[in-house]
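Take 1 as the starting number for the sequence shown in UniProt numbering and just add one per residue.
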Amino acid sequence: MTTLPLWRVLLSTFCMIGIQFTWTVELGYGTPYLLSMNVSKEVTALVWLAGPLSGLLVQPVIGAISDRSHFRLGKRRPFIIGGSVLVLLSLVCIAYCKEIAGALVSAQRTPSWSIGIAIVAFYVLDFSLNAVQASCRSLILDTFQAQHQDVANAFASNMQNLTNVFGYFIGYLDLVRYLAFLGKTQMQGLCSIGIVVFVISMLVTCISTHETPGSPLDQQLQQRMPVRDIIRYIIRCIRNLPMSMQRLCQVQFFAWMGWFPFLFYSSTWVAGLYYQEHGRHDDSDWEQGTRAGSFALLMYAITSAIAGTVLPSLTYRGLVSLETIFGLSHVVFGASLIGAYWVRSVTAATVIISLLGVSWATAMWIPFALTSDYLKMQAKKDDGDRPDGLVIQDKTIGDNDTGATPRLGYGTSKPASPLSPNDSQGSRSGPSLPIPQSPPPVVTMDVGIALGILNTFIVLPQFVVAGIAALIFWIRHKTVVGGEASSDIDDVQGVAIVLCFGACCAFVAAGLSRRLVPRL
1 MTTLPLWRVL
11 LSTFCMIGIQ
21 FTWTVELGYG
31 TPYLLSMNVS
41 KEVTALVWLA
51 GPLSGLLVQP
61 VIGAISDRSH
71 FRLGKRRPFI
81 IGGSVLVLLS
91 LVCIAYCKEI
101 AGALVSAQRT
111 PSWSIGIAIV
121 AFYVLDFSLN
131 AVQASCRSLI
141 LDTFQAQHQD
151 VANAFASNMQ
161 NLTNVFGYFI
171 GYLDLVRYLA
181 FLGKTQMQGL
191 CSIGIVVFVI
201 SMLVTCISTH
211 ETPGSPLDQQ
221 LQQRMPVRDI
231 IRYIIRCIRN
241 LPMSMQRLCQ
251 VQFFAWMGWF
261 PFLFYSSTWV
271 AGLYYQEHGR
281 HDDSDWEQGT
291 RAGSFALLMY
301 AITSAIAGTV
311 LPSLTYRGLV
321 SLETIFGLSH
331 VVFGASLIGA
341 YWVRSVTAAT
351 VIISLLGVSW
361 ATAMWIPFAL
371 TSDYLKMQAK
381 KDDGDRPDGL
391 VIQDKTIGDN
401 DTGATPRLGY
411 GTSKPASPLS
421 PNDSQGSRSG
431 PSLPIPQSPP
441 PVVTMDVGIA
451 LGILNTFIVL
461 PQFVVAGIAA
471 LIFWIRHKTV
481 VGGEASSDID
491 DVQGVAIVLC
501 FGACCAFVAA
511 GLSRRLVPRL
């Protein structure tokens, strides 16, 4: 096995710093920011549908298109650059939505326009950031050989964990007081820092990482797969996933049913508990509550960074399997968060959130490591040496072939491809089924589409969670005793119920983890 230079892993995964810091700004401070603009909790739950919409539509499509792209800059970097431009524009609009609205409309209409601009900007941010993330994840797997991909995935996870520490620490600081030149508000300061971090991290990875040009076979496949058929291609890939990927996707679905309530409402939960203890009288109290939430998330990020360093070393030494750690992490998540409804102090909430850092470290590492292993397992089953691994045999997509049934090429004696790499004369390799016609062309499932499908089962739960959260907040709002109960107390209880729902889903994910296919 060749030695993997540390500097190469660092430079190739450096892009994850900018991505994770931007997610930190949105997930940690987006909800309090919208609430400060008098957006109701029911509406914020619907605003965050931007996440699943973008993940469902963008990541698989970008992964499939980039798998077969042949730009001079490479397969992934053009999408990283294009998405990055939109990320930067959306951050500016979020930070200065009030100023932009004030320049466009009258003072009377400025508040409503500010809300509209912020919501649209969050949607653009989600769509563009998902495109960048899909391309960066694929670039990382493209860059390293199969035996090094576990190390690269773990390193990328650690980069994200350390970025969380940095991001939540920055959010905990009073930026208006200590770094006033960054902006007049905390959100302006966060977005300004986010822009700098994002630009630097993308430049480092794009400049330092070398992409291998696509093979002639990939170019042939690209010609047979026009963009208009990408969606059908993705659906067929999902329908024909091997059992190993199916079970992983099932675990991801319920795991992220638990994660989304936590990611979007944990800081709001802690802030609400702070207001119960100290009251809320003006904007300074609001910022103190938000900073209390930031401190809890900082402790969670530190725990995640430590776990992200310790746990991989246990698996490398063979002390425990990835599947076991993954299952136990869901148990820790559910057991920690199930008592959220009965918590009444900021200290207790901070302890609970800190414990969840262990589970987050595994969520950012193990699914991608398992996906890499499953791709390698499939490649071995096909007796091939193809890095893309999964193979679907089918007629040319785009022809009138609605009756065709694609399938995974499990038992082929040669690599499933239009031209056998072992046939120097260019003769066609035989199909795995005895069809009298000429053998059908092949559609491959590369790294990009595999990660895109995995991400689909991460973002689909958010549709469910957003609807359930909006319903819970609406019911709580309508059932306030006498209509005069403290809104802070009511808000805390509503958020706590949503968090308890997420804990129950984590227990389901823990049970499903027992069915995961063992890795190589």
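Heads up, the beta-carbon is just placed ideally off N, CA and C, and yes, glycines get one too.
Starting from the Cα of residue i, find the closest Cα among the options and give me that residue.
i	options	result
Cys97	Val87, Pro111, Val85, Leu88	Pro111
Ser157	Ser359, Ser267, Leu512	Ser359
residue 522	Phe144, Gly102, Tyr168, Thr22	Residue coverage of the chain in this structure runs from 1 to 520, which leaves residue 522 outside it and unanswerable.
Arg177	Glu287, Leu314, Phe14, Ile19	Glu287
Tyr300	Cys249, Gly357, Tyr316	Gly357
Gln145	Leu190, Glu211, Ala510	Glu211
Asn161	Trp365, Gln462, Ala450, Leu86	Trp365
Ser40	Arg236, Leu175, Gly494	Gly494
Leu454	Tyr275, Leu370, Phe501	Leu370
Cys500	Lys376, Tyr168, Arg236, Ala340	Ala340
Leu86	Tyr123, Gly74, Arg72	Tyr123
Val92	Phe463, Gly189, Gly511	Gly189
Val120	Trp48, Leu182, Asp142	Trp48
Thr163	Ile170, Gln20, Arg236	Gln20
Gln276	Arg232, Val343, Leu46	Val343
Which term fits residue i, buried or exposed, when burial requires 16 or more other beta carbons within 10 angstroms of its beta carbon?
i	result
Val320	exposed
Gly308	buried
Ser128	buried
Phe14	buried
Ala180	exposed
Pro5	exposed
His278	exposed
Ser106	exposed
His70	exposed
Asp174	exposed
Tyr374	buried
Ala103	exposed
Val310	exposed
Arg109	exposed
Thr347	exposed
Arg72	exposed
Arg68	buried
Thr316	According to the sequence as given, residue 316 is Tyr; it is not Thr. Flag for Tyr316 reads exposed.
DSSP puts residue i in a beta bridge; with which residues?
i	result
Gly74	Phe71
In chain order, what residues of the same chain have a beta carbon less than 7 Å from the beta carbon of residue i, not counting five sequence neighbours either side?
i	result
Arg291	Tyr172
Arg515	Arg247
Glu323	Ser513, Leu516, Pro518
Gly403	Confidence in Gly403 is poor, its pLDDT being 38 and thus under 50, which makes the residue's placement too unreliable to answer from.
Leu11	Val204, Thr205, Ser208, Thr209
Ala131	Val58, Ile62, Phe79, Gly83
Tyr33	Met187
Leu56	Thr456, Val459, Leu460
Ala271	Pro32, Gly289, Thr290, Ala292, Gly293
Ser54	Asp126, Phe127, Asn130
Ala50	Phe122, Tyr123, Asp126
Between residue i and the rest of its own chain, which residues show a CB-CB distance below 8 Å, the 5 nearest in sequence each way excluded?
i	result
Leu263	Leu27
Glu42	Ala470, Phe473, Trp474, His477
Gly452	Gln59, Pro60, Val61, Ile62, Gly63, Ala64, Ala134, Ile234
Leu88	Ile195, Phe198, Val199
Leu314	Val320, Ile325
Among residues of its own chain, excluding the 5 on either side of residue i, which ones have a beta-carbon nearer than 6 Å to its beta-carbon?
i	result
Arg76	Ser66, Ser135, Ser138, Leu139
Ser424	In this prediction, Ser424 scores a pLDDT of 38, lower than 50, which makes its location untrustworthy; no coordinate-derived value is stated.
Ala503	Gly334, Leu337, Ile338
Phe457	Cys249, Gln252, Phe253
Val165	Ala301, Ile302, Ala305
Thr31	Thr44, Phe264, Thr268
Leu125	Ser90
Gly18	Val197, Phe198, Ser201, Met202
Phe169	Leu298
Asp150	Ala369
Phe463	Pro52
Since residue i and residue j should fall inside the 8 Å C-beta cutoff, what is the C-beta to C-beta distance between them, to a whole number of angstroms?
i	j	result
residue 526	Val459	Outside the shown range of the chain, which is 1 to 520, sits residue 526, and nothing can be said about it.
Leu273	Ser345	7 Å
Val465	Pro261	6 Å
Trp269	Ala496	7 Å
Met37	Ile100	With 8 Å as the limit, Met37 and Ile100 do not qualify as a contact, their Cβ atoms being about 13 Å apart.
Ala363	Ala255	7 Å
Ile353	Ser266	6 Å
Ile117	Cys191	That belief does not hold up - the Cβ atoms of Ile117 and Cys191 are roughly 13 Å apart, past 8 Å.
Ser329	Asn153	Contact doesn't hold; Cβ gap of about 16 Å is too wide.
Thr244	Met377	Per the sequence presented here, residue 244 reads as Ser, with Thr not at that position. Confirmed, about 7 Å.
Gly183	Val25	13 Å between Cβ atoms; not a contact.
Leu355	Val332	7 Å
Gly327	Ala450	Going by Cβ atoms, the distance from Gly327 to Ala450 rounds to 22 Å, so no, they are not a contact pair.
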